Amino acid sequence: MAEIASSTGEIKPVRLADGSQVTLDSASRAHIIFASGERRILLQGRARFDVAHDFARPFIVVAGGEEVVAHGTLFDVAIAGDRVAISLLRGLIEVREASVDSRTGRPSTRRLLTPGWRLVASRKDPLPPRRPVSAAETRWVSGLLSFENTPLVDVIAAANRYSVRQIRLVDDRSKSLRFTGTFQPTKPDDLAAMLAATFRLRLSTNPSGNLLLSSADMPIVVPRK
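Structure representation (structure tokens):
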């Protein structure tokens, strides 16, 4: 079993032995298990898979409680907490639960995805309704993050994966804000300054070097972390 990994802030393309290409997002990892009957990837984090055609050996990505089965396709898989987001850009994939039915020995639920569609599965909802893929959700491979009317707390959580220096929202009023835009996540100082200007927030730094965003009328209390 081989392993590939990316460091914090790195987007890492890797060519596999079968000709497929895996592009790892920041702080991601993939265990590669190639056998005579299948090509299996165990994913942590996020990656894009450009799969070489080999109908004798399906390409299977295991992420959380989901498996994505492909032959020659282009798709993204991202794990965030107990959620697994799967977006298909080209070809055809089968999404199924990684666990199997004890009676049949086969996955209990499965679904086919066609290009331009996405689903976000979780433990409570292993095969939810699909929805269209937006351009914002596929831009990360270029080193940019894009969001459309997304809670600011989720935007910052995504950006923090790319830097040791973290951005923190330190009051509940700021957490209700929503963001639309595109930015380079590896520059946290620039991002924090942009968010402060956009939402008229106060920007400060704590002793650990993290960047703090708070409402302008909030009393200044600097957390240690």
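Sequential numbering from 956 applies to the sequence shown in our numbering.
Backbone N, C-alpha and C fix where the C-beta goes; we use that ideal spot for every residue, glycine too.
Every value quoted in this text rests on a predicted model; they were computed, and no experiment measured them.
Taking DSSP as the reference, what is the three-state secondary structure of valine 1088?
Here residue 1088 refers to the residue found at position 133 when the sequence shown is read from its first residue. Coil, per DSSP.
Please confirm whether leucine 1166 and arginine 1128 have their CB atoms less than 8 Å apart.
As a working mapping, residue 1166 is identified with position 211 in the sequence shown. As a working mapping, residue 1128 is identified with position 173 in the sequence shown. Going by C-beta atoms, leucine 1166 is not nearer than 8 Å to arginine 1128.
Which class does isoleucine 966 belong to by DSSP, given the choice of helix, strand or coil?
Your numbering for residue 966 matches position 11 in the sequence shown. Coil.
Tell me the start and end of each unbroken beta strand (DSSP E) in the stretch 993-1048 that is at least 3 residues and wholly inside, in chain order.
994-999, 1001-1005, 1014-1018, 1021-1025, 1029-1035, 1038-1045
Could you please give the first and the last residue of the uninterrupted beta strand (DSSP E) stretch that includes arginine 1128?
Walking along the sequence shown from the start, residue 1128 turns up at place 173. Not the beta strand (DSSP E): arginine 1128 falls in the alpha helix (DSSP H), residues 1127-1130.
List the whole-angstrom C-beta distance separating threonine 1093 from leucine 1044, where the pair is believed to meet the contact cut-off of C-beta under 8 Å.
Counting from one through the sequence shown, the residue named residue 1093 turns up at place 138. Counting from one through the sequence shown, the residue named residue 1044 turns up at place 89. Their Cβ separation, rounded to whole angstroms, is 7 Å, which keeps threonine 1093 and leucine 1044 in contact under 8 Å.
What residue ranges within the stretch 1118-1163 form continuous alpha helix (DSSP H) runs of no fewer than 4 residues, ordered along the chain?
Counting only runs of 4 or more, we get 1127-1130, 1143-1154.
Please name the residue or residues paired with isoleucine 959 in a DSSP beta bridge.
Along the sequence shown, one-based indexing puts residue 959 at 4. Residue pairing of isoleucine 959 in beta bridges, as defined by DSSP: Ala985.
Proximity to arginine 1017 [Cα-Cα], best of Ala1007, Phe1010, Arg1038
Residue numbering aside, residue 1017 sits at position 62 when the sequence shown is read from its first letter. Position check: residue 1017 holds valine in this sequence, whereas arginine was assumed. Of the listed residues, the one whose Cα sits closest to valine 1017 is Arg1038.
State the Cα-Cα distance for the pair serine 1057 and lysine 1079, rounded to the nearest angstrom.
One-based indexing of the sequence shown puts residue 1057 at position 102. One-based indexing of the sequence shown puts residue 1079 at position 124. Unreliable placement is indicated for serine 1057, whose pLDDT of 47 sits below 50; the coordinate value is still reported in the next sentence. Cα to Cα, serine 1057 sits roughly 19 Å from lysine 1079.
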